[in-house]
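These notes concern the structure reproduced below.
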Amino acid sequence: MFSNKENFKRSFLEKLQTMYAISLEESSDSERYMVLGSLVRDYVSKNWVKTNKHYLQDGVKQVYYFSLEFLLGRMLESYLINLDIKDMCKEALDELGIDYNNIIGQEPDPGLGNGGLGRLGACFLDSLASLNLPGHGCGIRYRYGLFEQKIVNGYQVELPDNWLKKGNVWEVKKAEKAVEVRFGGDVKIGTVNGKMTFIHENYHSVMAVPYDTPIVGYKNNTVNTLRLWSAEVAQKDFDFQAFSKGDYLKAVEYKYSMEAISQVLYPDDSYVQGRLLRLKQQYFFVSAGIQSIVRRYKKKHGSLENFADNISIHINDTHPVLAIPELMRILMDEEGLGWDDAWQVTTNTVSYTNHTTLSEALEKWPVDMFKGLLPRIYMIVEEINKRFCQEMINKYPKHSQPIDKVAIIHDGHIRMANLALVGSYSVNGVSRIHTELLKKHVLGVFYSIYPYKFNNKTNGVTHRRFLIKANPKLAELISDTIGSSWIYHPSDLIVLRNYANDKSFQEEILKIKQDNKKKLAMLIRRQNGIDVDISSIFDVHVKRLHAYKRQVLNVMHIMDLYNRLKDNPNWDITPRTFIFGAKAAPAYHLAKETIKLINSVADVINNDKTINDKIKVVFIENYNVSLAESIIPAADVSEQISTASKEASGTGNMKFMMNGALTIGTLDGANVEIKEEVGENNIVIFGLNALEVQNYYYHGGYKAMDIYNSDERVKRVIDQMVNGFLLTPQEEFKALHNHLLYHDEYFVLKDFSSYVEAQCKVDNTYKQREKWLETSIINIAHSGKFSSDRTIGEYATGIWKVSPVVID
Ligand code: 26Q
């Protein structure tokens, strides 16, 4: 059907008829999207079957990437690119009189993740398939993804993300592969033939039903699987409940409460609260995933022998850490292994990635809640803890203090990171500085116990989505200039360095950037009703909203610029458009106040005719993967300004660099390695470094008020937040104002002057057009390191020990 245009057109019209019984003229864009989608799915299915057959061969090790989030973004065009049929489809649709972009735009953007961690999972799936690696995703099929953000009167308002409203063409429901997951109840301990048995009784059960989505590799026939689980109470269980207890309403309630498990993604990404439903979600998908892996393994091998040699289970942060006790439970209670054998298998199967140094983001669950919901799993965790603590006492008889630090159960709580460290064979950070901080501070005691478990895997992003798909003109220019080997080997982008000073190449780079800026300007015109000048610097700050990411620092700089422009209307700064996009967790008040602050500053500045449009401020609502793909290729400046030591890696920074933006950033996360790649003249670094930040935390010595009192500009800006300057009630930004003055834990005021200086440098560089373009090209040339193909290659050889399986 995709062999040539004529065949494609015929298949398209036929499918339209069989699916909707209508003619082309009568069909809507949404119907046309569904038709193209199902054609693509049919086309993929052949290789999907074939890939699975290959994976059943002996000696093929499989990786399962467990993650509570997969932030996929739209799939259709990625499929077309990876299947190498995009141009053909585009032309054929054109000949049918159908606008390709309208069709692509019909697809909902599935927001099954919060931000970096979820998007990383999606990039990893793309890289696994593209590197011919047998690696699959396991997660939850949320009925509602991350909320949709509307900005009303400057405030964030959250609306449900009903992404399944019109159905989902990519998924295949596998009802017959459903498994049961049990909650609550109690555990009866007995003995059979001298062996202890654990019988789980009086539990509530729910069916986990898998929905599989194909993950297509880049031009290589590989089709891996993303399996997302949905909680469903089957009709028969529902009826049984109703009839046996004679209480119909109770039965309905039961169904409703059980199915709630997969209803909604939790919108918090850096402050974790111990919510029962969240714990249910975690056990639900982990139990379903492990059961299905074990079942498949037994079907193929007949027994569980050599399990760890053939299966790798990777946990994306601690959210799926119950994989450890759940695998223990299945091995012991269902497969009859003894503790030591089960422990051997488990700890050789599971590996773990940490994504945070923030203590408030480390998961811990109250023992009572945990025990009530997962009685048997609790017993296993307790036993793991007991044995581990005993081992520590034997090893370090004189020190009791480290045991308090490393115990899994402590102070009435279960510490999930500790469980992950004890129960896995590998723990990695996501950038070099992050891994070093884990070893020195956050997980320091564990590092002294298990130094061999620690390793670094610096994050990466898929250049297929964030360059080839998002910026096709740039991708084409690169291939025309250095050949297309970089698509398979992103490190070949380095050849572009030879063109960094090439005038005609620079002009082409500039032209593409201007085109992308024009498109973004049109989007801003449509969505915000604001006209922006495409010859101004597009200075972009898009990511989740959090105090440590310091959107406020950016705002303070904008306010200061404005003040200086008002004082001196002839000041010849390069015009700038400050572009923001960010969702705040709904209960995170300071973050929401920051959104309102950005919009209030925008109101003042954008409506002031006296500054001649030299600066503008735009907040683009509902930042998501699709918007990222439009915004990033249009950026001149990439804002990566977290307090040093707080951003584990960042991945937006890599996407911007790949698209030729200049980074202004702190020495935090992957910025450190970006600087190392491009050299200090091609990135603008400012602010405290991680060591200085740590020193202030340990020894004190910083008072924001001192800076407020000594720096006129800071004082003016801080005062303007509460003195009526912003045309909002005076108490609107009181909390933020107080936070900055009295609890400036993220050193916003401390880094202000250094940031302003750095921004001045950005302005100066932009004025030297050739230097700017050279820097832009150097950034692209060095972005190869930050491809997720490199990262996944390192996971495959360094952690999982899996090898490629070529599908012919
Ligand atoms: C946990 C428990 C309860 C509710 C929510 C959560 C939760 C959900 C999401 C906790 C954390 C997250 C997401 C974290 C995240 O996105 N971290 C980012 O991961 C990126 C990929 O490694 C890094 O680049 C970023 O630096 C890091 O902040």
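Residues in the sequence shown are numbered consecutively from 728, following our numbering.
The beta carbon of each residue, even a glycine, is placed where N, CA and C say it ideally should be.
If I'm right that L1272 touches A1318 with Cβ under 8 Å, what's the distance once you round it to whole angstroms?
Position 545 of the sequence shown, counting from 1, holds the residue named residue 1272. Position 591 of the sequence shown, counting from 1, holds the residue named residue 1318. At roughly 4 Å, the Cβ-Cβ gap stays under 8 Å, so L1272 and A1318 are in contact.
Following the continuous alpha helix (DSSP H) through E907, name the residue where it begins and the one where it ends.
If you number the sequence shown from 1, residue 907 lands on position 180. Careful: E907 lies outside any alpha helix (DSSP H), inside the beta strand (DSSP E) at 906 to 910.
If you draw a straight line from the alpha carbon of I1239 to that of V776, how long is it in whole angstroms?
Counting from one through the sequence shown, the residue named residue 1239 turns up at place 512. Counting from one through the sequence shown, the residue named residue 776 turns up at place 49. Between I1239 and V776, the C-alpha separation is close to 40 Å.
Quick check on the DSSP output: what are the complete alpha helix (DSSP H) runs of length 4 or more inside the stretch 929 to 977, in order along the chain?
Whole alpha helix (DSSP H) segments, 4+ residues: 962 to 972.
Within 7 Å: the Cβ of T1378 and any heavy atom of the ligand 26Q?
In the sequence shown, residue 1378 corresponds to position 651, counting from 1. Yes, the Cβ of T1378 comes within 7 Å of a heavy atom of the ligand 26Q.
Can Y1350 and A1309 be called in contact, C-beta distance under 8 Å?
Working through the sequence shown from its first residue, we reach residue 1350 at position 623. Working through the sequence shown from its first residue, we reach residue 1309 at position 582. Yes.
Excluding the 5 residues flanking L1476 on each side, which residues of the same chain have their C-beta closer than 7 Å to its C-beta?
Translated into positions along the sequence shown, residue 1476 becomes position 749. Once the five neighbours on either side are set aside, the close Cβ partners of L1476 are A1431, I1434, Y1435, V1441, L1467.
According to DSSP, simplified to helix, strand and coil, what is T924?
Here residue 924 refers to the residue found at position 197 when the sequence shown is read from its first residue. Strand.
Does the Cβ-Cβ distance between T1189 and S1158 come in under 8 Å?
To locate residue 1189, count along the sequence shown from 1; it is residue 462. To locate residue 1158, count along the sequence shown from 1; it is residue 431. No.
Taking G842 as part of the alpha helix (DSSP H), name the residues at either end of that continuous run.
The count along the sequence shown starts at 1 and reaches residue 842 at position 115. Careful: G842 lies outside any alpha helix (DSSP H) and carries neither H nor E.
DSSP three-state call for R1142: helix, strand or coil?
Here residue 1142 refers to the residue found at position 415 when the sequence shown is read from its first residue. Here R1142 sits in strand by DSSP.
Use the C-beta contact count for Y1105: other C-beta atoms within 10 angstroms, 16 or more gives buried, fewer gives exposed.
Counted from its first residue, the sequence shown places residue 1105 at position 378. Y1105 should be labelled buried.
If distances are taken between C-alpha atoms only, which option among E1374, N1081, Y1024, T1083 comes closest to E1062?
Your numbering for residue 1062 matches position 335 in the sequence shown. Cα-wise, what sits closest to E1062 is Y1024.
For the candidate residues A849, R1291, I1325, whose alpha-carbon lies nearest to that of N1043?
If you number the sequence shown from 1, residue 1043 lands on position 316. Among A849, R1291, I1325, the Cα nearest to that of N1043 belongs to A849.
Taking only the alpha-carbon atoms, compute the straight-line gap between N1155 and N1183 and give it to the nearest angstrom.
Translated into positions along the sequence shown, residue 1155 becomes position 428. Translated into positions along the sequence shown, residue 1183 becomes position 456. Approximately 5 Å between the Cα atoms of the pair.
Which same chain residues end up closer than 6 Å to A1248 when comparing Cβ atoms and leaving out the 5 residues on each side of it in sequence?
Translated into the one-based positions of the sequence shown, residue 1248 becomes position 521. Around A1248: V1259, I1261.
By DSSP's criteria, P1093 is part of a beta bridge. Which residues make up the other side?
On the sequence shown, residue 1093 is found 366 positions in, with the first residue counted as 1. The partner list for P1093 (beta bridge, DSSP) reads H1140.
Is it buried or exposed, R954, if we count other Cβ atoms within 10 angstroms and call 16 or more buried?
The sequence position of residue 954 within the sequence shown is 227, counting from 1. It is buried - the Cβ of R954 has at least 16 other Cβ atoms within 10 Å.
Between which two residues does the alpha helix (DSSP H) carrying V1532 extend?
The residue given as residue 1532 occupies position 805 in the sequence shown. Careful: V1532 lies outside any alpha helix (DSSP H) and carries neither H nor E.
Could you have a look at G1150 and say whether DSSP puts it in helix, strand or coil?
For the purposes of this step, residue 1150 is identified with residue 423 of the sequence shown, where counting begins at 1. Helix at G1150.
Below 8 Å on the Cβ atoms is my contact criterion, and I expect E804 with I831 to pass it. Report the Cβ-Cβ distance as a whole number of Å.
Walking along the sequence shown from the start, residue 804 turns up at place 77. Walking along the sequence shown from the start, residue 831 turns up at place 104. That belief holds up - the Cβ atoms of E804 and I831 are roughly 5 Å apart, short of 8 Å.
Per DSSP, which one or two residues make a beta bridge with Y882?
In the sequence shown, residue 882 corresponds to position 155, counting from 1. Y882 pairs with V879.
Could you check if V1157 belongs to the surroundings of the ligand 26Q, using beta carbon to heavy atom distance under 7 Å?
Counting from 1 along the sequence shown, the entry for residue 1157 is found at position 430. Result yes, Cβ under 7 Å from the ligand 26Q.
Looking at the structure shown, is L1389 part of a helix, part of a strand, or coil, going by DSSP?
Here residue 1389 refers to the residue found at position 662 when the sequence shown is read from its first residue. Reduced to three states, the DSSP call for L1389 is strand.
To which residues does DSSP link G1568 through a beta bridge?
The first residue shown for the chain is 728 and the last is 1535, placing residue 1568 beyond what the model contains.
Determine, using beta carbons only, whether N951 and I942 come nearer to each other than 8 Å.
Taking the first residue of the sequence shown as position 1, residue 951 is located at position 224. Taking the first residue of the sequence shown as position 1, residue 942 is located at position 215. Yes.
Output needed for N1326: all residues of its chain with C-beta closer than 7 Å, excluding positions within five of it in sequence on either side, in chain order.
For the purposes of this step, residue 1326 is taken as the residue at position 599 of the sequence shown. Hits under 7 Å: I878, G881, F1346.
In or out: P861 buried (at least 16 other Cβ within 10 Å) or exposed?
Your numbering for residue 861 matches position 134 in the sequence shown. Under this definition P861 is a buried residue.
Can you grab the Cα-Cα spacing for the pair K1091 / G843, in whole Å?
On the sequence shown, residue 1091 is found 364 positions in, with the first residue counted as 1. On the sequence shown, residue 843 is found 116 positions in, with the first residue counted as 1. C-alpha separation (whole angstroms): 21 Å.
Among S1153, E822, K1246, Y806, whose alpha-carbon lies nearest the alpha-carbon of R737?
For the purposes of this step, residue 737 is taken as the residue at position 10 of the sequence shown. Closest option to R737, Cα to Cα, is E822.
What does the alpha-carbon distance come out to for the pair R909 and H931?
Residue numbering aside, residue 909 sits at position 182 when the sequence shown is read from its first letter. Residue numbering aside, residue 931 sits at position 204 when the sequence shown is read from its first letter. Rounded to the nearest angstrom, the two C-alpha atoms are 6 Å apart.
What is the DSSP secondary structure of Q1367, counted as helix, strand or coil?
Counting from one through the sequence shown, the residue named residue 1367 turns up at place 640. If DSSP states are grouped into helix, strand and coil, Q1367 belongs with the strands.
Is G872 near the ligand ZN, judged by its Cβ being under 7 Å from some heavy atom?
This structure does not include the ligand ZN; its bound ligands are the ligand 26Q.
Given a threshold of 16 other Cβ atoms within 10 Å of its Cβ, counted over all protein chains shown, does R1542 qualify as buried or as exposed?
Given that the chain is displayed from residue 728 to residue 1535, the structure contains no residue 1542 and the question cannot be resolved.
Whole-angstrom Cβ separation of A1227 and I1505, contact assumed at under 8 Å?
Against the sequence shown, residue 1227 aligns to sequence position 500. Against the sequence shown, residue 1505 aligns to sequence position 778. Right, the Cβ-Cβ distance comes to about 5 Å (below 8 Å), so this counts as a contact.
Quick check: what's the CA-CA separation for L1164 versus G1392?
Taking the first residue of the sequence shown as 1, we reach residue 1164 at position 437. Taking the first residue of the sequence shown as 1, we reach residue 1392 at position 665. The alpha-carbon atoms of L1164 and G1392 are separated by roughly 19 Å.
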